[in-house]
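Protein chains in written order, with UniProt numbering: chain D, 1 to 405; chain E, 1 to 405; chain W, 1 to 405; chain Z, 1 to 405.
Remarks on the structure that follows.
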């Protein structure tokens with residue numbers, strides 16, 4: 001068995017199928033997609049990629065499978081899904097997901113098209129080894145109890161990225177106990193785990209008795225990492241600039257979205273510098289826009305919170321016109337409404353599977369913290385901060401707005 | 001400068017005074033007091049001592065002092081207090097604190113008597129170096145803003161033990177960001193930090209702007225470590241057995257409480273095995289009592305929750321008599337009411353110092369979690385679990401009680 | 001499967017037999033035997049015990065067994081041997097091994113008597129589960145290729161203690177790559193690994209092709225840990241004082257060596273303070289003797305280097321008499337001749353198993369370093385350092401001796 | 001003081017000058033230069049950059065400066081040199097150093113031209129803060145005892161990269177004790193450290209008494225990391241392909257070497273794929289050449305070992321012609337003669353500074369190990385391995401050559 005050394009899990013042992021999949025171009029491309037896109041502009045050690053993360057997810061899935069009692073064929077599909085779960089990402093991962101979704105209607109975890117259409121090599125490897133690519137794709141899409149292991153509230157994806165992001169940023173809040181989490185996963189409901197007769201793919205994925213704190217630790221880790229890492233304002237400013245630059249790039253060139261989705265981080269960085277230099281050069285040199293507006297939910301009208309992409313762009317144009325500057329010089333950044341997917345995870349309490357939000361009073365507190373931390377930002381070059389702040393207040397209907405830099 | 005290698009902080013550099021204090025018998029004794037008493041019966045790696053913890057607290061205090069702008073004399077007193085803050089502990093630390101308090105009226109952080117009465121050597125070292133032992137003692141007692149650095153909601157004691165206990169148990173939840181915490185501490189209020197005219201010892205210790213998640217992380221770490229480590233039922237059973245054994249030991253021998261307080265862990269372990277073998281041998285061999293009762297707040301009458309030590313012992317006797325077994329065979333363990341001291345810490349939000357419980361919605365959730373986790377236990381040898389459970393229900397007035405083992 | 005959390009390996013999963021063995025008194029006693037005896041007087045975090053170390057050795061053995069293709073029965077014996085390999089240790093481990101050997105002719109890894117004579121419970125657990133205690137004992141004694149896995153140049157004992165001692169002292173030199181070591185172990189020779197027909201217990205344990213640096217890293221780790229940790233002079237002074245104190249204790253009391261061997265660290269610490277206070281109190285308070293002599297091989301006559309225990313004690317008496325002080329006030333500490341057991345490990349190079357000392361030029365260098373670091377010490381209370389140094393020079397026939405403190 | 005979170009050292013606090021230097025384009029560019037170039041094709045977590053490494057070197061330099069007693073002005077120059085020591089690197093760091101040196105005569109640590117010629121911003125920041133850019137450049141070039149702290153046998157550069165590379169590859173051999181190393185550095189000789197009258201810049205940098213094992217640990221760490229990481233054959237194959245691709249790129253385009261030197265990794269990766277697709281695409285997809293020849297020193301004639309760049313390229317052409325394939329399909333990779341710079345470091349032994357190679361028998365062993373590990377490689381596409389191996393044997397005059405793949 002081939003082993004790859006990983007800085008987080010030590011040696012990740014690959015089975016034969018996994019070793020073949022790792023060698024496909026679709027998987028090798030993940031070496032060039034950073035896990036945390038623009039977070040590295042705040043935490044300079046955060047240069048880890050979706051390649052090593054995918055190996056880590058595969059490793060944790062293998063550990064979890066040991067305890068779930070799956071048949072060999074099912075286990076093989078789950079392992080393949082864990083390994084391939086991120087091959088659908090565009091350059092800079094989640095940062096370009098909105099653009100790709102608006103253009104294609106597909107998210108990064110919808111890889112059915114990928115497996116059956118282009119990048120055929122991974123698909124051929126699966127088929128040659130007797131696996132069904134469609135079944136792998138449906139697991140990646142999170143369907144069923146086993147899909148939940150790959151993409152759900154208790155998925156191994158989340159477990160890996162929390163510890164990996166902690167290791168590479170140096171921020172300790174993500175250090176969940178992956179050993180315990182993986183050991184305590186069970187398939188429950190539909191009588192599946194007891195009788196053995198029901199289909200494991202229909203059973204619910206739960207944490208065994210005595211694991212309310214384990215589940216809470218996952219939620220808490222996510223919430224604190226959100227606050228300090230994932231939604232750090234510098235990363236958000238750079239991310240929003242990058243998204244605008246990508247839209248301009250697609251407008252200005254004849255690159256279609258399929259080719260765009262297949263780019264790697266380095267391709268995009270060069271393309272943006274050359275084609276959208278006003279933004280691309282700034283991103284490359286970390287010469288970022290400043291915050292003209294930075295306000296919480298209480299100061300933002302509901303209409304603005306729920307504004308779609310088109311309204312956001314219209315607002316940017318309107319603000320830029322009011323100030324008399326180029327429309328690329330204004331970025332309006334409205335995050336989606338606060339939420340914590342992990343609060344829907346299921347834990348067995350006194351023999352009964354319960355949703356974590358019913359079993360733990362902490363969930364409500366964390367939801368409130370997420371609401372408190374939700375912030376709308378408007379960014380622009382330092383010299384226009386005051387003018388853009390004032391114009392944005394009018395255009396977006398904000399209350400009591402102050403710039404914070 | 002002398003450096004001692006520590007497994008958590010790397011090299012701890014000691015100033016001359018600190019090096020002298022470390023060599024006193026009162027401090028060397030801390031080598032023989034384990035930090036987590038009976039927790040090592042659950043987490044076998046948790047054998048660290050108050051000696052290394054005290055060095056760690058001194059190390060973090062030095063880091064914090066750098067940023068607080070104290071004069072040399074004040075800084076020297078704070079460093080000495082950080083180093084000596086645990087010399088007042090009896091054997092097995094917090095486990096014997098109740099016994100000592102009931103007999104002497106003094107807690108482990110009341111070391112005034114110690115410095116001025118017996119163990120004179122540490123006191124003489126302080127005086128020889130121009131420090132005032134009374135002032136050191138008052139800092140250890142947590143008086144004033146600087147006392148809060150040694151013993152308060154944001155003290156360096158807590159920062160050290162959370163990361164140290166995580167390192168040694170292998171449970172990651174305690175890994176707070178000590179570097180950030182120490183860098184972000186400030187003295188505020190009474191105009192102290194601004195004008196420089198007020199007395200820093202009167203100013204309040206706060207975390208600087210932007211640190212609500214930092215403060216929350218401390219609270220969350222504490223709460224999860226409570227659930228999984230500090231209040232693990234095996235450790236509680238062993239701890240309650242140890243406390244009863246100590247009481248019997250003091251009853252049966254002519255050891256006075258002052259001599260008892262000066263014992264080290266190994267002295268106590270040998271003494272209990274010899275003088276109270278029924279309990280002492282079991283503790284040594286980890287042949288522990290089982291849970292006859294294990295119930296939450298909802299099933300316990302308020303009178304029982306707030307029962308004092310005398311009522312608990314009376315209940316033990318009553319249960320033992322009802323079952324017809326030796327009184328040493330029944331242990332009633334009623335923890336104090338749930339609380340989270342850290343929720344009173346202060347953080348600057350928009351320029352104004354706020355109590356964390358006012359600035360963070362998480363606090364209420366964590367308080368609820370602490371309430372949910374509060375559990376009353378009754379323990380006895382495995383063969384009496386059913387009978388003791390039934391008798392305890394009557395004696396303690398419990399509702400719907402079931403044993404859990 | 002029961003899992004115990006370990007600070008080094010994460011979760012150690014125990015099979016049913018292992019869980020039963022862990023609960024025996026002989027194994028629980030290991031909670032009270034420190035791994036590094038007096039090293040904690042130099043590295044205060046080094047309080048880890050042979051209990052957690054034994055779990056770690058079991059864990060690594062399980063990993064190695066996976067790759068060696070053993071039958072179930074053989075694997076079960078190897079796992080049991082790994083778990084029990086240290087139950088034969090006396091209090092303070094290696095520190096009392098000489099005393100016990102001189103009195104009984106048995107080393108700590110000779111546990112045949114133990115299993116078949118006293119502490120019968122572990123033996124009964126083995127038999128009840130269909131294992132042969134004699135076979136377990138012979139594996140612990142290092143017999144055959146599989147015995148070499150438990151006690152040999154490439155044993156999992158060594159792998160665990162190097163990383164564990166590094167983790168707990170904070171000295172990084174012991175951080176070998178246990179994952180790689182365990183993955184790369186093979187059984188070779190006698191055609192065993194190829195034909196499968198030969199007895200695996202007779203095959204030689206080797207590292208697979210490409211692992212000369214892996215084997216070197218083990219050797220280097222051991223050599224640097226020797227220099228900085230295991231043979232630190234403070235630990236040696238305390239250890240030599242402890243050994244003398246134990247001899248006096250056995251002389252003065254009617255404790256027989258069997259009872260002595262069964263003591264735990266805390267028993268011994270209390271017994272020495274009470275029965276041999278001149279030494280016992282000093283050890284407890286770290287009020288140690290100073291070095292009157294500290295010289296290398298070049299300055300010591302061969303006769304002195306190879307002096308036996310009786311000659312050493314005679315020299316101590318002679319020196320004490322010459323100076324006119326109590327014989328307990330002089331400790332002569334002559335280590336055994338330098339050597340590096342690991343240099344005999346076997347590595348496959350170009351298809352042929354070779355001894356590491358033949359495959360690596362580093363071995364000769366490390367041996368020279370061990371020779372250079374060999375030091376003879378004579379210790380006594382600070383006030384007699386000069387007089388004892390002078391007398392020791394005459395008595396031991398040392399050349400150009402100088403005290404170093 | 002601004003603090004940046006680093007995954008290795010925790011918080012790195014930046015002084016004002018350092019914060020200004022970090023914001024210059026020359027320094028920000030280091031975010032895009034990976035520390036270990038092609039090593040990430042073997043160890044996928046090794047994506048760390050020269051940006052965070054430079055911060056780490058600055059951090060360690062600050063620690064060392066504390067103990068060396070330098071005046072403020074000298075200390076400021078040393079800190080600036082530590083921070084800027086890598087700004088002269090081309091894309092992919094050491095991998096393109098040969099190309100740049102052959103074209104310009106300058107190594108990466110010759111930054112005099114840089115500071116005074118182009119990237120003027122870093123230079124202006126230095127001058128504005130009263131520092132002399134030439135003095136900073138001479139420190140980076142390793143001149144004098146303080147230059148040795150930045151670039152020498154005991155430099156902080158080496159200390160940082162060993163631990164950082166260990167952290168990011170997951171290979172533990174590089175974990176040296178940076179805390180101890182930094183604490184134990186001294187300036188000695190010329191009476192400097194004693195009298196204080198001599199110029200510290202002329203004094204020699206040494207490790208204080210008792211640090212032979214500390215110095216050895218550095219040497220050993222380097223040697224083992226060489227074997228397992230830095231000179232792993234996959235990384236060497238990719239590196240040699242990259243170097244050839246760069247040469248073709250410079251030949252085929254009008255890019256001058258100055259522009260080439262200023263490229264970042266992502267620029268180069270895109271440029272090679274577009275301009276030298278035969279090699280560039282393979283590097284990007286990790287579809288690497290295989291080893292046709294892989295032989296040690298004993299099988300290579302001295303003339304071949306010492307062959308210059310021109311002879312190597314001539315040999316490639318000759319081999320390619322003999323086989324009848326494109327010249328880009330053959331890569332001859334002759335490393336420079338084995339050596340260990342660290343063996344010249346100086347340690348105080350019995351009061352006298354000695355070169356480590358005189359104080360430690362280990363050095364000779366490590367040198368031999370380096371010689372043993374020296375390997376000449378010839379690489380080509382898998383389908384030509386046999387033919388190329390045979391032709392290479394003739395052309396290079398190798399003895400007893402066998403391919404190893």
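Note that beta-carbon positions come from the ideal geometry of N, C-alpha and C, so glycine has one too.
A residue is called buried when at least 16 other Cβ atoms come within 10 angstroms of its Cβ; residue 97 of chain Z meets this threshold and is buried.
By the Cβ neighbour-count rule, residue 5 of chain W is buried, with 16 or more other Cβ atoms within 10 Å of its own. Exposed is the label assigned to residue 1 of chain W, since fewer than 16 other Cβ atoms lie within 10 Å of its Cβ.
Within the same chain, and ignoring the five residues on either side of residue 51 of chain D in sequence, the residues whose Cβ sits closer than 6 angstroms to its Cβ are 30, 31. For chain W, the residues of the stretch 223 to 242 of chain Z that bring a beta carbon within less than 7 angstroms of one of its beta carbons are 224, 227, 228, in chain order.
Residues of the stretch 363 to 384 of chain Z that bring their beta carbon within less than 9 angstroms of a beta carbon in chain W comprise 363, 364, 365, 366, 367, 368, 369, 371, 372, 373, in sequence order. At a cut-off of 7 angstroms between beta carbons, residue 200 of chain W makes no contact with chain E. Along the stretch 344 to 358 of chain D, none of the residues has a CB nearer than 8 angstroms to a CB of chain E.
Within the stretch 149 to 167 of chain D, 167 place their CB atoms closer than 7 angstroms to a CB of chain Z, listed in sequence order. The same chain holds no residue with a CB closer than 6 angstroms to that of residue 394 of chain D once the five nearest residues on each side in sequence are set aside.
Chain Z has a Cβ within less than 7 angstroms of the Cβ of residue 217 of chain W. Using a Cβ distance threshold of 7 angstroms, residue 139 of chain E and residue 205 of chain E do not count as a contacting pair.
Contact annotation, residue 242 of chain D with residue 35 of chain D: C-beta distance approximately 15 angstroms; criterion of less than 8 angstroms not satisfied. The residue from E/285, E/207, E/373, E/247 with its alpha-carbon nearest to that of residue 342 of chain E is E/207. The stretch 2 to 85 of chain Z contains, as complete beta strand (DSSP E) runs of 3+ residues, the segments 2 to 6, 10 to 14 (chain order).
Under the 7 angstroms criterion on CB atoms, residue 335 of chain W is classed as non-interfacial with respect to chain Z.
Within the stretch 92 to 114 of chain Z, not one residue has a Cβ closer than 8 angstroms to any Cβ of chain E.
Among the bridge pairs identified by DSSP, residue 294 of chain D is matched with D/377. Apart from sequence neighbours up to five positions away, the residues of its chain that approach residue 135 of chain E with a beta-carbon distance below 7 angstroms are 77, ordered along the chain. For residue 204 of chain E, DSSP records a beta bridge to E/188.
Contact of residue 183 of chain E with chain W by beta-carbon distance below 8 angstroms is absent, the smallest such distance being about 22 angstroms. At least one CB of chain Z lies nearer than 7 angstroms to the CB of residue 172 of chain W. When the five nearest sequence neighbours on each side are left out, the beta carbons in the same chain lying within less than 7 angstroms of the beta carbon of residue 284 of chain E are those of 269, 273, in order along the chain. Take the alpha-carbon of residue 366 of chain Z and the one of residue 238 of chain Z: they are about 26 angstroms apart.
Within the same chain, and ignoring the five residues on either side of residue 289 of chain D in sequence, the residues whose Cβ sits closer than 7 angstroms to its Cβ are 237, 241, 331, 379, 380, 381. Exclusion of the five residues before and after residue 235 of chain Z leaves 38, 39, 41, 42 as the residues of its chain whose Cβ lies within less than 7 angstroms of its Cβ. In the three-state DSSP reduction, residue 355 of chain W falls in the strand class (E or B). Taken through DSSP and simplified to helix, strand or coil, residue 331 of chain Z comes out as strand. Secondary structure note for residue 258 of chain Z: its alpha helix (DSSP H) is the uninterrupted segment 257 to 262.
Here the alpha carbons of residue 81 of chain E and residue 154 of chain E stand approximately 15 angstroms from one another.
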